[in-house]
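Q: Per the numbering used here: the sequence shown = residues 244 to 476. Take a look at this one; I'll ask things after.
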Amino acid sequence: MAKIPTARLSRLLTGWSSEGAAPLPRRLADALRELAERADVAPGSTLPSQRELAGVLGVSRSTVTAAYSLLEAEGWLESRRGSGSRLRGSGALEQSADEERHGGEGRLASFDARTSGADLSSGALDGLGAVADTVGALTGAELAPLLRADGYLTHGLPELREGIAAYYRGAGLPTEPEQILVTAGSQQAVWLVAQALVDPGDTVVVENPTYRGALEALRSRGARLVPIGGDGP
């Protein structure tokens, strides 16, 4: 599939940065996903490089990198070394070409079809009221330093990283803020772990049933998934 011209993609993305209050990478990822959902961009099209897109949109490369990472973690983007980043047309449930060649080995449906328990397709917990209360109590002076940035820090808010490190130190585990990486959510965290630890062809044992997003993250690395029940193989 052909590469999307950078100039055309820029025109399609007009206004994305001013829509909503989410961090810039999240807004960019959502805008690209919407283009795929509306078929404004043909499924399988290759996106511009991170550097090219950052230049034409007038944002930092880290913003585009984070947006691409979010899309890949959520199943909307497939990145292959030397081939660029290919935008999928049906998100996380699209069957990859590798699966078609291997008769569907590792498909998520083969795990879920045999289970009758709780639906684990979403691992989201209920929101904590204390978070909303704390944010609502912040003064303008406290919010101003956070709003002056573009809304995204590659490793997380320094104060938050320090707070997490302090929590672990209090629990007896020596931890420095530099050792903490704050992600955009559990899905991105699982995807990053898969990227760091799993090579194509590796065998990974997974619980069955389990979180669908974790299976997708492992599958995107070419892992061979071996499901086991709660009582073992």
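Where is the CB? At the ideal position from N, CA and C, for every residue including glycine. Computed from a prediction, not measured in an experiment: that's the story for all the values here.
#1: Tell me whether V447 sits in a helix, a strand or coil according to DSSP, three-state version.
#2: Let me make sure I understand the geometry here. Which of A414, I471, L290 has the alpha-carbon closest to that of A250?
#3: Report whether the distance from the Cβ of E402 to the nearest heavy atom of the ligand FAD is below 8 angstroms.
#4: Can you list, in chain order, the residues of its chain whose CB lies under 7 angstroms from that of L314, leaving out five sequence neighbours each side?
#5: For Q431, is the classification buried or exposed, using 16 other Cβ atoms within 10 angstroms of its Cβ as the cut-off for buried?
#6: Using 10 angstroms around the beta-carbon of G379, count the other beta-carbons present and answer buried if the total reaches 16, otherwise exposed.
#7: Does DSSP put L381 in a helix, a strand or coil?
#8: Could you name the residues of the same chain whose beta carbon sits closer than 8 angstroms to that of L255, not counting the 5 residues immediately before and after it, in chain order?
#9: How is the beta strand (DSSP E) around V436 delimited, first residue to last?
#10: How many Å lie between A387 and L396 at the Cα?
#11: On the three-pair Cβ rule with 8 angstroms, is the region 403–413 touching the region 426–440?
#12: Report buried or exposed for E459, applying the criterion of at least 16 other Cβ atoms within 10 angstroms of its Cβ.
#13: State the start and end residues of the unbroken alpha helix (DSSP H) segment that holds L330.
#14: Taking its Cβ as the centre, do 16 or more other Cβ atoms sit within 10 Å of R357, making it buried, or is it exposed?
#15: Could you work out which residue in L403, G456, L267, P286 is closest to S305 when comparing CA atoms only?
#16: Counting C-beta neighbours from all protein chains within 10 Å, is the total for S312 16 or more, i.e. buried, or is it exposed?
#17: Taking L403 as the reference, give the member of G415, L416, L389 with the closest Cα.
#18: DSSP state of P470, grouped into three classes?
#19: Hey, R467 and D445 are a contact pair by Cβ (cut 8 angstroms); roughly how many whole angstroms apart?
#20: Tell me which residues share the same chain as R464 and place their Cβ nearer than 6 angstroms to its Cβ, disregarding the 5 neighbours each side in the sequence.
A: According to the structure shown:
#1: In the structure shown, V447 sits in a strand (DSSP, three-state: E or B).
#2: L290
#3: In terms of ligand content, the structure shown is empty, and the ligand FAD therefore cannot be addressed.
#4: A272, L275, R276, L320
#5: Here Q431 is buried: its Cβ has 16 or more other Cβ atoms, across all protein chains shown, within 10 Å.
#6: exposed
#7: coil
#8: L278, D283, V284
#9: Run containing V436: none in the beta strand (DSSP E); it sits in the alpha helix (DSSP H), 429–440.
#10: 16 angstroms
#11: The region 403–413 makes no contact with the region 426–440: fewer than 3 CB pairs, one atom from each, lie closer than 8 angstroms.
#12: buried
#13: Counting along the chain, L330 falls outside any alpha helix (DSSP H), though it belongs to the beta strand (DSSP E) covering 327–330.
#14: Since pLDDT at R357 reaches only 43, below the 50 mark, its modelled position is unreliable, and no value is offered.
#15: L267
#16: buried
#17: L389
#18: Under the three-state reduction of DSSP, P470 is assigned to strand.
#19: 7 angstroms
#20: A437, V441
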